[in-house]
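The structure appears right after this line, and notes come after that.
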Amino acid sequence: MATAREIALQELLRLEAAGQYADRTLNAALNRATALSSADRGFLSHLFYGVIERRITLDAVIDSRSSIAPSAIEKRVRMILRMGLYQLCYMDRVPDHAAINEAVALAPRRSKGFVNAILRGFCRDGKRIPLPDAAAEPIRYLSVAYSVSPSVAECFLRIFGPARAAEVLAAFGQHPPITVRVNTLRLTRAEFLQRVEGAAPTELAPFGAILPEGAPLQELIREGVCFVQDEASQLAVAALAAAPGMRVLDLCAAPGSKSFGAALSMENAGTLHSFDLHENKLSLVREGASRLGITNMTVAAADARTADPAVLGVFDRVICDVPCSGLGVIGKKPDIRYKNMDEAAGLVPVQRDILAAAAGCVAPDGVLLYSTCTLLPEENEEQVQAFLATHTDFAPVPFAVGDLTVPAGMLTLAPDTHRTDGFFIAVLRRK
Numbered sequence: 447m448a449t450a451r452e453i454a455l456q457e458l459l460r461l462e463a464a465g466q467y468a469d470r471t472l473n474a475a476l477n478r479a480t481a482l483s484s485a486d487r488g489f490l491s492h493l494f495y496g497v498i499e500r501r502i503t504l505d506a507v508i509d510s511r512s513s514i515a516p517s518a519i520e521k522r523v524r525m526i527l528r529m530g531l532y533q534l535c536y537m538d539r540v541p542d543h544a545a546i547n548e549a550v551a552l553a554p555r556r557s558k559g560f561v562n563a564i565l566r567g568f569c570r571d572g573k574r575i576p577l578p579d580a581a582a583e584p585i586r587y588l589s590v591a592y593s594v595s596p597s598v599a600e601c602f603l604r605i606f607g608p609a610r611a612a613e614v615l616a617a618f619g620q621h622p623p624i625t626v627r628v629n630t631l632r633l634t635r636a637e638f639l640q641r642v643e644g645a646a647p648t649e650l651a652p653f654g655a656i657l658p659e660g661a662p663l664q665e666l667i668r669e670g671v672c673f674v675q676d677e678a679s680q681l682a683v684a685a686l687a688a689a690p691g692m693r694v695l696d697l698c699a700a701p702g703s704k705s706f707g708a709a710l711s712m713e714n715a716g717t718l719h720s721f722d723l724h725e726n727k728l729s730l731v732r733e734g735a736s737r738l739g740i741t742n743m744t745v746a747a748a749d750a751r752t753a754d755p756a757v758l759g760v761f762d763r764v765i766c767d768v769p770c771s772g773l774g775v776i777g778k779k780p781d782i783r784y785k786n787m788d789e790a791a792g793l794v795p796v797q798r799d800i801l802a803a804a805a806g807c808v809a810p811d812g813v814l815l816y817s818t819c820t821l822l823p824e825e826n827e828e829q830v831q832a833f834l835a836t837h838t839d840f841a842p843v844p845f846a847v848g849d850l851t852v853p854a855g856m857l858t859l860a861p862d863t864h865r866t867d868g869f870f871i872a873v874l875r876r877k
């Protein structure tokens, strides 16, 4: 039977070669590895995601200590070194000698001495990570220190400046606990918190709960008493202020959490249409709605950029959660760390088209929610400002959720200040 480290090595190499999504690669591996204990499955997941998350930082250590040219290091050997270094730096429960010995055992015979020398030398020198000078090379510094592509580092530097960029990127590495939205069709938040030992209420979102480590998440989801949703996303739905009897449209619904939240706010009264471009994603939305006991929801495939004439001007609330660069969820989707942000620029016109189509579906005095899970101004406030310049029948609406008051009608959430995903919310009312 393959060990957790052997499976991690195999799947990390597979991911690097095929360029698949990390979560799909790991889930497939866990489904195959039925003999692994619960502890080993947790170890495998931690190591797998950790190596992806810290790849650039780990490679900086390897390259600075290698006795051969970095380009000459075999891919398998480099991955073994990344795994060993990750355990030495970021997995406190793994003894140093175990991390080193297991890495050497994984290495091909001709490379065992090389792997041993790098890992033992790293420990002997106090596990020092070689960082570029932050003042002289701010982009390279952020890239190596927080393991993001230079392109992503440059974006954060442009948005926040050097000090705040470091704080935001550091916050993305904190691995916050899982946050869920309580299914208030079935129980109150107080009842949920009483049922799940160690669960705590979210600070800002009125129906959210923070789960303790080891909580029976899958069991709770199967029972339909909650669904996973970051607090930032919950706040967006709360800002929408959907209510019983309303007509609500979600144009980019998959995987469904905002639609689910709106349905719960509507208490199953009124009509909710949830559309998404990709038919293959809609089965998850339908399954989720059924599990939660949502009965007022119609799910269908549709292109959000071209609104059906039948839905023009008829909805009291429209959710426009557009495809985006995803820079606000780096902490949960490590693949995004290594994006080339030049490619993300192509999303801006797509967002513009979806927002314009969404606006056409809003009834007079209705509300349009525009949201993203990114921190880029050109996808957020600049996108909304450009929209308002050409759609003078819309205006931002002040909103409040719990203790959070947003007089300008636009809010950017960040992990260092709000302890949520990076997220943007704009609430716009049609005159």
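Sequential numbering of the sequence shown, starting at 447, is according to our numbering. All C-beta atoms in this analysis are idealised placements derived from N, C-alpha and C, irrespective of residue type, glycine included. Just so you know, these numbers come straight off a predicted model, no measurement behind them.
(message) If you reduce the DSSP assignment to three classes, tell me which class Cys601 lands in.
(response) Position 155 of the sequence shown holds residue 601. It is helical.
(message) Could you compute how far the alpha carbon of His837 sits from the alpha carbon of Phe673?
(response) As a first step, residue 837 is located in the sequence shown; it is residue number 391 there, counting from the start. As a first step, residue 673 is located in the sequence shown; it is residue number 227 there, counting from the start. Between His837 and Phe673, the C-alpha separation is close to 35 angstroms.
(request) Would you be able to state if there are at least three C-beta pairs under 8 angstroms between the stretch 748-761 and the stretch 675-691? (result) no
(message) Can you tell me whether Ala715 is helix, strand or coil according to DSSP?
(response) To locate residue 715, count along the sequence shown from 1; it is residue 269. Ala715: coil per DSSP, three-state reduction.
(request) Measure the CB-CB distance between Gln680 and Arg627 and report whether it falls below 7 angstroms. (result) To locate residue 680, count along the sequence shown from 1; it is residue 234. To locate residue 627, count along the sequence shown from 1; it is residue 181. Contact: yes.
(request) Go through its chain and collect everything with a Cβ distance to Thr648's Cβ below 8 angstroms, but skip five positions before and after it. (result) If you number the sequence shown from 1, residue 648 lands on position 202. Result list for Thr648: Thr625, Gly654, Ala655, Ile656, Glu677, Gln680, in chain order.
(request) Excluding the 5 residues preceding and the 5 following Leu639 in the sequence, name in chain order all residues of the same chain whose CB lies nearer than 8 angstroms to its CB. (result) Numbered from its first residue, the sequence shown carries residue 639 at position 193. Correct list, in chain order: Ala645, Ala646, Pro647, Ala655.
(request) Between the Cα of Glu643 and those of Cys807, Leu666, Ile740, spot the shortest distance and give me the residue it belongs to. (result) On the sequence shown, position 197 is the one that residue 643 refers to. With distances taken between Cα atoms, Glu643 lies closest to Leu666.
(message) The alpha helix (DSSP H) that contains Phe560, what's its start and end?
(response) By one-based count along the sequence shown, residue 560 stands at place 114. Element bounds for Phe560: 558-570.
(request) Can you tell me the Cβ-Cβ gap for Arg524 and Ile508, rounded? I've got them flagged as a contact below 8 angstroms. (result) Residue 524 sits at position 78 when you count from the first residue of the sequence shown. Residue 508 sits at position 62 when you count from the first residue of the sequence shown. Indeed, because the Cβ distance is near 6 angstroms, the residues count as touching under 8 angstroms.
(request) Within the same chain, show all residues whose beta-carbon is closer than 7 angstroms to that of Glu457, passing over the 5 residues directly before and after it, in chain order. (result) As a position in the sequence shown, residue 457 is number 11, starting the count at 1. Around Glu457: Thr471, Leu472, Ala475, Phe494.
(request) Below 6 angstroms CB to CB, which residues in the same chain sit around Pro701 once its five sequence neighbours on both sides are set aside? (result) To locate residue 701, count along the sequence shown from 1; it is residue 255. The answer, listed in chain order, is Leu730.
(message) If I measure Cβ to Cβ from Met537 and keep anything under 8 angstroms in the same chain, skipping five residues before and after, which residues do I get?
(response) What you label residue 537 is simply residue 91 of the sequence shown in a count that begins at 1. Cβ neighbours of Met537 beyond the five flanking positions: His492, Leu493, Gly496, Ala545.
(message) Given this structure, state the Cα-to-Cα distance separating Ala468 from Arg641, to the nearest angstrom.
(response) Sequence index remark: in the sequence shown, residue 468 carries index 22 (1-based). Sequence index remark: in the sequence shown, residue 641 carries index 195 (1-based). Spanning the two alpha carbons is a distance of roughly 33 angstroms.
(message) Among Glu789, Thr820, Val873, whose alpha-carbon lies nearest the alpha-carbon of Leu834?
(response) Locating residue 834 in the sequence shown gives position 388, counting from the first residue. Of the candidates Glu789, Thr820, Val873, the one whose C-alpha sits nearest the C-alpha of Leu834 is Val873.
(request) Excluding the 5 residues preceding and the 5 following Val745 in the sequence, name in chain order all residues of the same chain whose CB lies nearer than 6 angstroms to its CB. (result) Along the sequence shown, read from residue 1 onward, the residue named residue 745 stands at position 299. Cβ within range, chain order: Ser720, Leu728, Val731, Arg732.
(request) Tell whether a beta-carbon distance below 7 angstroms holds between Leu850 and Leu650. (result) As a first step, residue 850 is located in the sequence shown; it is residue number 404 there, counting from the start. As a first step, residue 650 is located in the sequence shown; it is residue number 204 there, counting from the start. In contact: Leu850 and Leu650 (Cβ atoms closer than 7 angstroms).
(request) Return helix, strand or coil for Leu695, following the three-state DSSP convention. (result) Reading the sequence shown from its first residue, position 249 is the one you call residue 695. Correct three-state label for Leu695: strand.
(message) Please classify Lys573 as buried or exposed, where buried requires at least 16 neighbouring CB atoms within 10 angstroms.
(response) Within the sequence shown, the letter at position 127 stands for residue 573. That one is exposed.
(message) Checking 7 angstroms against the spacing of the C-beta atoms, do Arg451 and Glu520 come in under that value?
(response) Working through the sequence shown from its first residue, we reach residue 451 at position 5. Working through the sequence shown from its first residue, we reach residue 520 at position 74. No, they are not a contact pair.
(message) Does Thr625 come out as helix, strand or coil in the three-state DSSP assignment?
(response) As a position in the sequence shown, residue 625 is number 179, starting the count at 1. Note: Thr625 maps to strand in three-state DSSP.
(request) Using the DSSP secondary-structure output, state which residues sit across from Arg763 in a beta bridge. (result) Here the question's residue 763 lines up with position 317 in the sequence shown. The partner list for Arg763 (beta bridge, DSSP) reads Val694, Val813.
(message) Between the stretch 554-569 and the stretch 747-759, can you find at least three pairs of beta-carbon atoms closer than 8 angstroms?
(response) no
(request) Might you give, ordered along the chain, the residues of its own chain that have their beta carbon closer than 6 angstroms to the beta carbon of Pro608, omitting 5 neighbours on each side? (result) For the purposes of this step, residue 608 is taken as residue 162 along the sequence shown, with counting starting at 1. Result list for Pro608: Pro584, in chain order.
(message) Once DSSP output is grouped into helix, strand and coil, what is the label at Phe653?
(response) Sequence index remark: in the sequence shown, residue 653 carries index 207 (1-based). Note: Phe653 maps to coil in three-state DSSP.
(message) Less than 6 angstroms between C-beta atoms, sequence neighbours within five positions excluded: which residues of the same chain meet that for Val852?
(response) Translated into the one-based positions of the sequence shown, residue 852 becomes position 406. Closer than 6 angstroms at the Cβ level, and outside the excluded window around Val852, lie Phe845.
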